[in-house]
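Quick mapping for you: the protein sequence lines, in order, are chains A and B. Numbering-wise, the first sequence is residues 1 to 155 according to the numbering used here. Numbering-wise, the second sequence is residues 156 to 342 according to the numbering used here. From the three backbone atoms N, C-alpha and C, an ideal C-beta is built for every residue, glycine too.
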Amino acid sequence: MAEETYPGADAPMDATDERILARMATLYATVDPVPFDLVDRIDFALAVAELEADIAELTRGELVGVRSEETDSVTFTSGSLSLMVTTVRSAHHVRIDGWVTSPGAEVDVVGEGITRTVTADVTGRFALDEIPRGRAHFVVRREGYRPVITPSMEI
Amino acid sequence: MNTSLGAQAASAFIAYREGDRGQLRTLVALLTPLLWHTARSQNATKEVAEDAIQTAWLRLVDAADTITDPKGVVSWLVITVKRESWRLLRLAGRDVTSDLGVPETADETTPEDLAITSDQQRLLWGHVNNLPERCRTLLRVIAFAASPDYAGVAASLGMPVGSIGPTRGRCLAKLRTLLLSDPSWEA
């Protein structure tokens, strides 16, 4: 076939080829960008699958958006379990004050590259300090129940 | 940045299998652009592309221990995304084998032409669209891999092995000729 002998096809790749491909990557990233939240949604689906967890729904507040205020409060619910999370932001970190309707439950905060675990007290309250800002989700573990995972939110 | 995508993916995958669960997120962040353009190059709609990619990752978690060579994780994902895209498109009743003259990557709401803002990009876009569909598919995907990975990614796409890799290959040679003979192209 004529195509088999296309001039230059057998030449080794050089810097010009690399540049052309790099520009193609930029071009396709412009005309057909990966949806901005796709990586988050994949991470979430994988976390749910790994934990065999129930998914909590957001019942009050917002997961994304411009966080102009310093504090913010959201509530997640799954079956009889509710989790209320209040975030207080400083420049780079977030303090989380939470309350869960299951005293003694273990709560994980899974952020970008970090997981922190805390145990709720007898009233269901818990607090975590120095959490890096960014996206995070919560996992609640209780004796005798499947773990409950929340959608990820901007903290 | 000197480490190839394949090598970075392999080391994240090994660490994940050894129990560092967070490495799975590293792998997802690393490979999602390549997988997105793999699915989209197969004429997958955005919805199908997302589903195919998510399914591929879920399958990887299930099959993690059955992948004998960690360096094969990129190929494994590319093949799975490609097959899953085709399966979902067939389910949706789309004819994926039709050779459409224009890449079906056009988004109804944001046409590519509007997204392109520089003349050089417009020029490249024009030449890319003059390539045979097969070449567009191949070059679009390997553009998101690094050179040591071209051969493996090309093979995973079902393109002839050795048509690209250490050598330029027909598709890139064609595009290169088009660009270098275009006086407006700033190499």
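Report the residues of the segment 198 to 217 of chain B with a CB closer than 8 Å to any CB of chain A, ordered along the chain.
K201, E205, I208, Q209, W212, L213 and V216
Which residue comes first and which comes last in the beta strand (DSSP E) that contains S80(A)?
Careful: S80(A) lies outside any beta strand (DSSP E) and carries neither H nor E.
Proximal chain B residues relative to D43(A), where beta-carbon distance stays under 7 Å:
R180 and V183
Measure from the alpha carbon of Y6(A) to the alpha carbon of each residue in W340(B), A342(B), T332(B) and A306(B), then state which is nearest.
T332(B)
In terms of alpha-carbon separation, which member of L279(B), R214(B) and V228(B) lies closest to E50(A)?
R214(B)
Helix, strand or coil: which one does DSSP assign to V216(B)?
helix
For T71(A), which beta-bridge partners are listed by DSSP?
V88(A)
Report the rounded CA-to-CA distance for R195(B) versus Y28(A), giving the unit in angstroms.
10 Å
Just checking my contact of E57(A) with F76(A) at CB under 8 Å: how many whole Å lie between their CB atoms?
7 Å
Reducing DSSP to helix, strand and coil, say where R323(B) ends up.
coil
Comparing the C-beta of G281(B) with each C-beta of chain A, is any distance below 8 Å?
no
Is Q178(B) closer than 8 Å to A167(B) when the C-beta atoms are compared?
yes
Given that T150(A) touches chain B, what residues does it touch there, using C-beta distances under 7 Å?
What T150(A) touches in chain B: nothing, since even the nearest Cβ is about 17 Å away.
What residue range does the alpha helix (DSSP H) around T30(A) cover?
A15 to V31
To the nearest angstrom, how far is the alpha carbon of N284(B) from that of R291(B)?
7 Å
How about I96(A) and I149(A): are their beta carbons less than 8 Å apart?
no
Quick check: the Cα distance between H92(A) and T117(A), rounded to an integer number of angstroms?
20 Å
Under 7 Å Cβ-Cβ, which residues of chain B neighbour L27(A)?
Q276, L279 and W280
From the beta carbon of F168(B), is the nearest beta carbon of chain A less than 8 Å away?
no
Can we say the segment 232 to 244 of chain B touches the segment 195 to 212 of chain B, given the rule of at least three CB pairs closer than 8 Å?
yes
Looking at the C-beta of G307(B), does it have a partner C-beta in chain A at a distance below 8 Å?
no
Could you pull the start and end residues of the beta strand (DSSP E) that T119(A) belongs to?
T115 to T119
Taking only three categories from DSSP, how would you classify A136(A)?
strand
Can you tell me which of the three DSSP states D108(A) falls into?
strand
Taking Cβ-Cβ distances below 7 Å as the criterion, which residues of the segment 44 to 62 of chain A are in contact with chain B?
A45, L46, A49 and E50
Cutoff 8 Å: S240(B) Cβ touching any chain A Cβ:
no
With 8 Å set as the bound, which would you pick, yes or no: does the beta-carbon of L21(A) sit closer than that to a beta-carbon of chain B?
yes
Using the C-alpha atoms, what's the distance from D43(A) back to V216(B)?
12 Å
The beta strand (DSSP E) that contains E57(A), what's its start and end?
E57 to R60
If you pair each beta-carbon of the segment 187 to 194 of chain B with each one of the segment 13 to 24 of chain A, do three or more pairs fall below 8 Å?
no
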